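Here's the structure we're looking at; comments come further down.
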Amino acid sequence: MQIPLVDVKAQYAPLQAELEARFREILGSGQFIRGPHYYAFQEEAAAFLGVSKTIGVGNGTDAIVIVLDAMEIGPGDEVICPAFTFYATAESIARRGATPVFADSASLRKMNCLSPGRFSQKSIVERSGPAARTRGASVSFSARAGRSSDHA
Ligand SMILES: Cc1ncc(COP(=O)(O)O)c(C=O)c1O
8 MQIPLVDVKA
18 QYAPLQAELE
28 ARFREILGSG
38 QFIRGPHYYA
48 FQEEAAAFLG
58 VSKTIGVGNG
68 TDAIVIVLDA
78 MEIGPGDEVI
88 CPAFTFYATA
98 ESIARRGATP
108 VFADSASLRK
118 MNCLSPGRFS
128 QKSIVERSGP
138 AARTRGASVS
148 FSARAGRSSD
158 HA
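Numbering-wise (the working numbering), the sequence shown opens with residue 8 and increments by one.
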């Protein structure tokens, strides 16, 4: 018996009718950018994450790169990211010239996210060298979104 790591069709199946109705509505409206669903998504995502604002972007890779740019991550920086993640996590870090450093997630119950509060300056320097420093936030992406305590 084969158990796939990710089964996209199984994720889509229970949402198919709802999604296709929305796709039809959006395609029919001709409003593909910044429509009412875009703003509703931002509000729902913020409520889910327990933060005041979110920004909807076109794809997951852009979301990671935008966060890296906002934090001025670049050559010489190391970014701690989950070991159990999609390729794009490390790809985005490398795209900005930084080095991904993989860490295990603390708990599956916590939805595979890394928590910035769990990394002390001491443990980072032991792994990465004296040039390493903690930032106010760390890039913390997983296959599923986590709660506010797991995100910067
Ligand atoms: C954890 C994670 N990060 C980033 C991405 C990249 O997203 P996209 O393919 O939308 O750029 C994915 C995509 O599945 C993902 O699972």
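Don't be surprised by glycine CBs; every beta carbon is placed ideally from N, CA and C. Just so it is clear, the structure is predicted and the values come from calculations on it, not from any experiment.
Nearest-angstrom Cα separation, counted from residue j out to residue i
i     : j      : result
Ala47 : Phe93  : 27 Å
Gly63 : Ile10  : 32 Å
Phe39 : Gly57  : 27 Å
Leu26 : Gln49  : 17 Å
Ala20 : Arg102 : 34 Å
Gly37 : Asn66  : 20 Å
Val15 : Ala24  : 15 Å
Gln18 : Met8   : 19 Å
Gly83 : Phe55  : 34 Å
Beta-carbon spacing of residue i, residue j below 8 Å
i     : j      : result
Ala77 : Ala90  : no
Glu85 : Thr106 : yes
Ala95 : Ile80  : no
Ala53 : Ser59  : yes
His44 : Arg31  : no
Ile73 : Cys88  : no
Member of the options whose CA lies at the smallest distance from the CA of residue i
i     : options                : result
Leu75 : Gln9, Asn66 and Gly104 : Gly104
Contacts around residue i, its chain only, beta-carbon distance under 8 Å, and the 5 residues preceding and following it disregarded
i     : result
Glu98 : Thr68
Close Cβ partners of residue i (< 7 Å) along its chain, the five nearest in sequence each way excluded
i     : result
Gly42 : Ile33 and Ser36
Leu61 : Going by the sequence as given, residue 61 is Thr instead of Leu. Same-chain partners within the cutoff: Gln49, Ala52 and Ala53.
Beta-carbon proximity list for residue i, same chain, < 6 Å, skipping 5 on both sides
i      : result
Val108 : Glu85 and Ile87
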